[in-house]
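Numbering follows UniProt numbering, in which position 133 of the sequence shown is assigned residue number 133; successive positions increment by one, without gaps.
Each residue gets a CB set at the ideal place from its N, CA and C atoms; glycine is no exception.
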Amino acid sequence: MSVALSPRTIERTGTGAGQGPKQPDARPAPEPPAIGETAVAPVWAMTADRVGDARQVLALAGELGVAFRTVRLRFNALARVPPAHWLPSRMSWRSDVPLEAPWPKLVIVAGRKSAAAALWVKRRSGGRTRIVSVHRPWTPLAWWDLVVTTPQYALPARDNVLECLLPLLASGPTEAALGARWAADAAALPRPWTVVLVGGDSRPHVLTQRAARRVADAVNARLQSRGGSAWVLTSPRTPPSALACLRGAMEGPHRIVPWGEPDNPYPALRGAADEFVVTADSAAMLAEALVSGKPVTPVLTDFVPDWRWRVASACKRAAERAPGSIVARGFESAVATGLVTSVRDMSRMLEAHQRAGLYDDPAQAARVQAHERGRVVARLRALLGN
């Protein structure tokens with residue numbers, strides 16, 4: 001199956017039942033903003049090991065204009081056990097700094113493993129600390145003061161759920177100059193530059209060799225028809241087999257930059273790119289390309305659902321066929337209580353993007369982001385009491 005590289009086109013790279021198809025991973029997490037980082041602060045930004053999640057937690061904290069403290073979490077084997085993230089205890093996690101009173105007014109986390117840390121702080125504060133989850137909380141929605149989510153998670157409408165089209169990214173300048181290490185490549189690669197951001201496996205989306213080959217074929221076709229060259233940047237989640245496939249399948253002028261190479265060129269290429277091709281397995285990676293103001297072509301990776309996704313999706317479809325029915329109310333309650341968390345589907349996000357015109361007008365995403373930033377910050381400041 002061919003992949004058309006039109007900014008107006010979304011391609012699903014999988015075919016057939018069970019096939020088809022997480023904060024860009026193409027550059028390291030930035031250091032926390034300089035504003036008022038202190039051990040005694042009204043906001044704690046609790047970050048973990050996922051780069052994209054950490055960026056979004058820090059972006060939210062940095063937008064508030066108040067002092068905040070970054071708390072880095074590490075987890076033990078118990079964090080893999082489902083009940084652990086439901087318990088307001090420290091049995092599954094530790095922090096890089098001691099956590100003690102005065103407790104913050106607001107805690108921001110992202111991810112399943114981090115939920116227990118936020119719940120623990122809330123309990124220790126006597127319930128005074130407000131807690132915010134980014135993406136989906138993996139626990140009952142009612143336990144959270146605010147959940148900032150995006151369409152792929154299909155969370156039910158609630159007063160404490162704020163759905164945005166795009167993850168909130170850090171504001172301010174993000175571009176940089178290409179380092180001297182890349183000068184020879186930049187001189188050798190003709191314009192226009194297509195920057196290809198390659199993610200990886202993020203259940204239920206899998207970057208198979210077949211999907212990687214289709215991405216390469218699509219970029220090759222674009223270079224043959226329009227000229228120019230490609231920069232291909234991988235992420236920590238890119239499987240070695242997919243990288244090997246890209247290396248063997250790419251044609252024409254290109255430079256593949258595997259994750260981990262020193263002097264990562266991504267910050268500079270974000271501004272220097274003429275267009276982007278992005279594997280649509282990470283909402284944050286897509287958002288960074290979209291708000292650049294350059295044309296973006298998303299490519300869905302292979303879709304390989306497990307039994308949990310199949311059961312949850314079957315229940316969701318049944319609920320959608322009969323709104324207001326017992327089945328629909330039951331499914332919504334299961335999602336709201338955290339019993340169902342396996343309905344992530346990036347095609348749902350891409351459809352929402354299409355309806356909003358994000359792939360038709362390169363400037364639209366920045367406008368949407370600015371509007372959504374205002375909504376999110378207003379809700380967070382209300383929780384702070386500002």
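query: For Pro21, does the three-state DSSP call read helix, strand or coil?
result: Indexing the sequence shown from 1 puts residue 21 at position 21. Only weak support exists for where Pro21 lies, its pLDDT of 31 falling under 50; the value from the coordinates is given anyway. Three-state DSSP puts Pro21 in coil, outside helix and strand.
- prompt: Tell me which same chain residues have a C-beta within less than 6 angstroms of the C-beta of Leu119, skipping the five on either side of it?
  reply: Taking the sequence shown and counting its residues from 1, one reaches residue 119 at position 119. Closer than 6 angstroms at Cβ, skipping near neighbours: Pro88.
message: Assuming Met46 is part of the beta strand (DSSP E), what are its boundary residues?
response: In the sequence shown, counting from the first residue as 1, residue 46 sits at position 46. Counting along the chain, the beta strand (DSSP E) containing Met46 begins and ends at 43-47.
query: Leu99 and Val71: beta carbons closer than 9 angstroms?
result: Looking up residue 99 in the sequence shown gives position 99. Looking up residue 71 in the sequence shown gives position 71. Taking 9 angstroms as the Cβ cut-off, Leu99 and Val71 qualify as a contacting pair.
query: Tell me which same chain residues have a C-beta within less than 8 angstroms of the C-beta of Val368, skipping the five on either side of it?
result: Your numbering for residue 368 matches position 368 in the sequence shown. Same-chain partners within the cutoff: Leu165, Leu166, Ala356, Leu358.
message: Let me make sure I understand the geometry here. Which of Val132, Glu332, Phe303, Val107 has the alpha-carbon closest to that of Arg203?
response: What you label residue 203 is simply residue 203 of the sequence shown in a count that begins at 1. Residue Phe303 is the option with its Cα nearest to Arg203.
task: Would you mind working out which of Pro323, Trp44, Gly111, Val291 sits nearest Ala363, comparing C-alpha positions?
output: One-based indexing of the sequence shown puts residue 363 at position 363. That would be Val291, whose Cα lies nearest to the Cα of Ala363.
field: Contact belief for Trp138 with Arg112 at Cβ below 8 angstroms, rounded distance in angstroms
entry: One-based indexing of the sequence shown puts residue 138 at position 138. One-based indexing of the sequence shown puts residue 112 at position 112. Between Arg112 and Trp138 the Cβ distance is about 4 angstroms, and since that is below 8 angstroms, they are a contact.
message: One question on the structure: do Asp281 and His205 come within less than 9 angstroms of each other, judged by their Cβ atoms?
response: The residue labelled residue 281 in the question sits at position 281 within the sequence shown. The residue labelled residue 205 in the question sits at position 205 within the sequence shown. Between Asp281 and His205, the C-beta gap is smaller than 9 angstroms, which places the two residues in contact.
message: Would the region 245-260 count as touching the region 173-189 if we require 3 or more Cβ pairs under 8 angstroms?
response: yes
query: What's the gap between the Cα of Ala328 and the Cα of Ala249?
result: In the sequence shown, the residue the question calls residue 328 occupies position 328. In the sequence shown, the residue the question calls residue 249 occupies position 249. Between Ala328 and Ala249, the C-alpha separation is close to 46 angstroms.
- request: Compare the beta carbon distance of Val195 and Thr279 with 9 angstroms and say whether it is the shorter of the two.
  value: Sequence index remark: in the sequence shown, residue 195 carries index 195 (1-based). Sequence index remark: in the sequence shown, residue 279 carries index 279 (1-based). Not closer than 9 angstroms, so no.
- request: Ignore the nearest five residues each way along the sequence and tell me which others in Ala365's own chain have a CB closer than 7 angstroms to its CB.
  value: The count along the sequence shown starts at 1 and reaches residue 365 at position 365. For Ala365, same chain residues with a beta-carbon under 7 angstroms away, outside a window of 5 residues either side, are Leu166, Leu290, Val291, Leu358 in chain order.
Per DSSP, cross-strand counterpart(s) of Phe276: Position 276 of the sequence shown holds residue 276. Phe276 is bridged to Val195, Val296.
- request: Given a cut-off of 9 angstroms, decide if Leu178 and Ala186 are closer than it, judged by their beta-carbon atoms.
  value: Here residue 186 is taken as the residue at index 186 of the sequence shown, counted from 1. Here residue 178 is taken as the residue at index 178 of the sequence shown, counted from 1. In this structure, Leu178 lies closer than 9 angstroms to Ala186 by Cβ.
- prompt: Tell me, which residues are paired with Leu73 by DSSP?
  reply: Within the sequence shown, residue 73 is the residue found at index 73, counting from 1. DSSP, once it has assigned bridges, lists Ser95 as partnering Leu73.
- prompt: Considering only C-alpha positions, which residue in the set Pro298, Trp143, Arg373 is nearest to Glu163?
  reply: Residue 163 sits at position 163 when you count from the first residue of the sequence shown. Among Pro298, Trp143, Arg373, the Cα nearest to that of Glu163 belongs to Arg373.
Pick from Pro140, Pro102, Val147 that is closest to Arg128, judged by C-alpha positions: To locate residue 128, count along the sequence shown from 1; it is residue 128. When only C-alpha atoms are compared, the closest one is Pro102.
- prompt: What residue does the alpha helix (DSSP H) around Leu119 start on, and which one ends it?
  reply: Against the sequence shown, residue 119 aligns to sequence position 119. 115-124 is the extent of the alpha helix (DSSP H) around Leu119.
Neighbourhood of Ala157 by C-beta distance below 7 angstroms, restricted to the same chain and skipping five residues each side: Residue numbering aside, residue 157 sits at position 157 when the sequence shown is read from its first letter. Around Ala157, the same chain offers no residue with a beta carbon nearer than 7 angstroms, after the five sequence neighbours per side are excluded.
query: Once you ignore the five residues that flank Arg379 on each side, which residues in its own chain have a CB closer than 7 angstroms to its CB?
result: If you number the sequence shown from 1, residue 379 lands on position 379. The answer, listed in chain order, is Leu146, Leu162.
- prompt: Under the three-state reduction of DSSP, which class applies to Ser133: helix, strand or coil?
  reply: Taking the sequence shown and counting its residues from 1, the one referred to as residue 133 is at position 133. Here Ser133 sits in strand by DSSP.
message: Tell me the rounded alpha-carbon separation between Val296 and Ala273.
response: Position 296 of the sequence shown, counted from the first residue, corresponds to residue 296. Position 273 of the sequence shown, counted from the first residue, corresponds to residue 273. Each residue's alpha carbon lies about 10 angstroms from the other.
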